[in-house]
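Asks:
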Amino acid sequence: MFTNDKKITAFKNKVWLATPTMHGEELKWMTDAFNKNWMSTIGENINEVERIAAGKIGRKYAVGLSCGTAALHLAVKIAGIKRGDKVFCSDMTFAATLNPVVYEGGEPIFIDTERDTWNMDPLALRKAFELYPEVKHIVVANLYGVPGKLDELRAIADEHGAVIIEDAAESFGATFKGRQTGSFGDIGVISFNGNKIVTGSSGGMLLTDDAEQAARVRKWSTQSRESAPWYQHEELGYNYRMSNVVAGVIRGQLPYLEEHIAQKRAVFERYKAGLKGLPVSMNPFDAENSVPNYWLSCMIIDEGAMCKQVRGDTEASYVAEHGKSCPTEILETLAAFNAEGRPIWKPMHLQPIYKNNGFVTADGNGKGGTTTDVGSDIFSRGLCLPSDNKMTAAEQDKVIEIIRSCFN
65 MFTNDKKITA FKNKVWLATP TMHGEELKWM TDAFNKNWMS TIGENINEVE
115 RIAAGKIGRK YAVGLSCGTA ALHLAVKIAG IKRGDKVFCS DMTFAATLNP
165 VVYEGGEPIF IDTERDTWNM DPLALRKAFE LYPEVKHIVV ANLYGVPGKL
215 DELRAIADEH GAVIIEDAAE SFGATFKGRQ TGSFGDIGVI SFNGNKIVTG
265 SSGGMLLTDD AEQAARVRKW STQSRESAPW YQHEELGYNY RMSNVVAGVI
315 RGQLPYLEEH IAQKRAVFER YKAGLKGLPV SMNPFDAENS VPNYWLSCMI
365 IDEGAMCKQV RGDTEASYVA EHGKSCPTEI LETLAAFNAE GRPIWKPMHL
415 QPIYKNNGFV TADGNGKGGT TTDVGSDIFS RGLCLPSDNK MTAAEQDKVI
465 EIIRSCFN
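Just so you know, we're using this note's numbering here: the sequence shown kicks off at 65 and counts up by one.
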């Protein structure tokens, strides 16, 4: 158990994982919507946010939607995923990445994680096509703002005539080989949720180069109204369109994207320097080919430095050991000092709701119990650190001191 030998004091104000950083221009554009009475799902803010996002990411069309999950749902629908279709999905991600596949009756098949970026493993994806050659859709996430091996994944998809839906919800502003994430999939998705690098409090965006796709998504997102003098409906619709008020917040945030990324990078670099000498490492990325947006700074404990940790479905415990620690101990200790961390996303193949779904590793069928399960290992030894870009250097130094104390 942690002992506070150095009498570290708790933070007076909570140090958060990630919170919105507002600048004032957000209120300007919200007020503009109010003054012009465009308080619904049409207006100048939406048009401008769509234009800026499409231009930034390098897509021809962007459709503003109520949230990232709504964007993923309509991406799944426009990609043609239907009941009974198997779909290859990132395994170590938030459930929202793949739940929309199930909304449309599809069956997620989970693809294991690689260690270089903590994203979908191209070797496992290639193995999956050997096991399920009929699959024609892939949902790929860029975890914690770090681009995956997007060129390799794209090449494998093209070999098999498969469509990629790229979930760039966490990686807006990150690049791989000079290209923005969100531009590698046939369809891309970004999120403006409250804790993202740029926020609207809510909101999401679907990205495509296909004019017909963009038009259909816009139609679906406003209850699929037909062009008629009355409310005419010929297909199922949804109430998914972005609010012009929410778009005002996003419009005020977008000019600060690069500033937020620089601040997040500074947080990552301070952790990297401050944790030197401990048996830990930061979440990895391909420094030669990619520039993350550093949305969340994460760390993983060396295998030999893990104390005993047991996790159930909803609870965890550990046995303290000098010189060693584990995510449970560190997260509980941070919480005791009024700082917020989080576990790594629990892999989807370990979730009770998806326990019967297929899971493929680089070695083969991961359900056989004889293959290396990379995602489970990262989940077991990794954690997300407080990564708020408003955290001061002094506050971060204290977080680092707290983490160091867990190994003493």
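Yeah, the Cβ is synthetic: ideal placement off N, Cα and C, and Gly gets one too.
Would Ala278 and Ala126 qualify as a contact pair, given that the criterion is a beta-carbon distance under 9 Å?
Replies: It is a contact, given that the beta carbons lie within the stated cut-off.
Asks: In this structure, does DSSP put Lys372 in helix, strand or coil?
Replies: DSSP places Lys372 within a strand segment (E or B) once states are collapsed to three.
Asks: Classify His413 as buried or exposed, calling it buried when 16 or more other Cβ atoms lie within 10 Å of its own Cβ.
Replies: With 16 or more other Cβ atoms inside 10 Å of its own Cβ, His413 counts as buried.
Asks: Under the DSSP definition of a beta bridge, which residues are partnered with Thr272?
Replies: Tyr125
Asks: Going by Cα to Cα distance, which pick from Lys372, Glu323 and Lys260 is closest to Ser381?
Replies: Lys372
Asks: Please classify Gln460: does DSSP put it in a helix, a strand, or coil?
Replies: helix
Asks: Whole angstroms are fine: how far does the CA of Ile106 sit from the CA of Glu299?
Replies: 22 Å
Asks: How many Å lie between Val113 and Ala82 at the Cα?
Replies: 23 Å
Asks: Taking only the alpha-carbon atoms, compute the straight-line gap between Pro211 and Pro293 and give it to the nearest angstrom.
Replies: 47 Å
Asks: Between Phe256, Phe193 and Asn472, which lies nearest to Ala117 when the distance is taken from Cα to Cα?
Replies: Phe256
Asks: Should the region 331 to 341 be regarded as contacting the region 130 to 145, the criterion being three or more beta carbon pairs within less than 8 Å?
Replies: no
Asks: Please classify Ala160: is it buried, with 16 or more other beta-carbons within 10 angstroms of its beta-carbon, or exposed?
Replies: buried
Asks: Please list the segments of the alpha helix (DSSP H) lying wholly inside the region 95 to 162, counting only runs of 4 or more residues, in order along the chain.
Replies: Entirely contained in the region 95 to 162, the alpha helix (DSSP H) runs reaching 4 residues are, in chain order, 108 to 121 and 132 to 142.
Asks: Quick one: give me the first and last residue of the beta strand (DSSP E) that Ser266 is part of.
Replies: That residue, Ser266, is in no beta strand (DSSP E); it is neither H nor E in DSSP.
Asks: Whole angstroms is fine: what's the gap from Phe174's alpha carbon to Arg282's?
Replies: 30 Å
Asks: With which residues is Cys473 paired in a DSSP beta bridge?
Replies: Not covered by the structure: residue 473. The range shown for the chain is 65 to 472.
Asks: Less than 8 Å between C-beta atoms, sequence neighbours within five positions excluded: which residues of the same chain meet that for Phe443?
Replies: Met156, Pro407, Ile408, Trp409, Lys410, Pro411 and Leu414
Asks: DSSP state of Asn206, grouped into three classes?
Replies: Coil at Asn206, not helix or strand.
Asks: Would you say the region 246 to 253 touches the region 93 to 107, given that touching needs at least three Cβ pairs under 8 Å?
Replies: no
Asks: Tell me which residues share the same chain as Met65 and place their Cβ nearer than 6 Å to its Cβ, disregarding the 5 neighbours each side in the sequence.
Replies: Residue confidence is low: Met65 scores 48 on pLDDT, short of 50, so the model does not pin down where it sits. No coordinate-derived value is stated.
Asks: Within the present structure, is the beta-carbon of Glu108 separated from the nearest heavy atom of the ligand ADP by less than 8 Å?
Replies: As far as ligands go, the structure on display features none, and thus does not contain the ligand ADP.
Asks: Hey, Gly122 and Arg243 are a contact pair by Cβ (cut 8 Å); roughly how many whole angstroms apart?
Replies: 7 Å
Asks: Rounded C-beta distance between Asn402 and Val79? I'm assuming under 8 Å.
Replies: That belief holds up - the Cβ atoms of Asn402 and Val79 are roughly 7 Å apart, short of 8 Å.
Asks: Please classify Thr98 as buried or exposed, where buried requires at least 16 other C-beta atoms within 10 Å of its C-beta.
Replies: According to the sequence provided, residue 98 is Phe. The question's Thr does not apply to it. Exposed is the call here.
Asks: Going by beta carbon distance, what residues of the same chain come within less than 8 Å of Thr456, once the five residues before and after it are set aside?
Replies: There are no such residues.
Asks: My guess is that Asn357 and Ile261 are in contact by the Cβ rule of under 8 Å, so how many angstroms apart are they, rounded?
Replies: 5 Å
Asks: Along the chain, where does the alpha helix (DSSP H) containing Pro197 start, and where does it finish?
Replies: Taken as a continuous stretch (DSSP letters only), Pro197 belongs to no alpha helix (DSSP H), as it is neither H nor E.
Asks: What ranges does the alpha helix (DSSP H) occupy inside the region 211 to 269, keeping only unbroken runs of at least 4 residues that lie completely in it?
Replies: 214 to 223
Asks: What does the alpha-carbon distance come out to for the pair Thr85 and Leu138?
Replies: 29 Å
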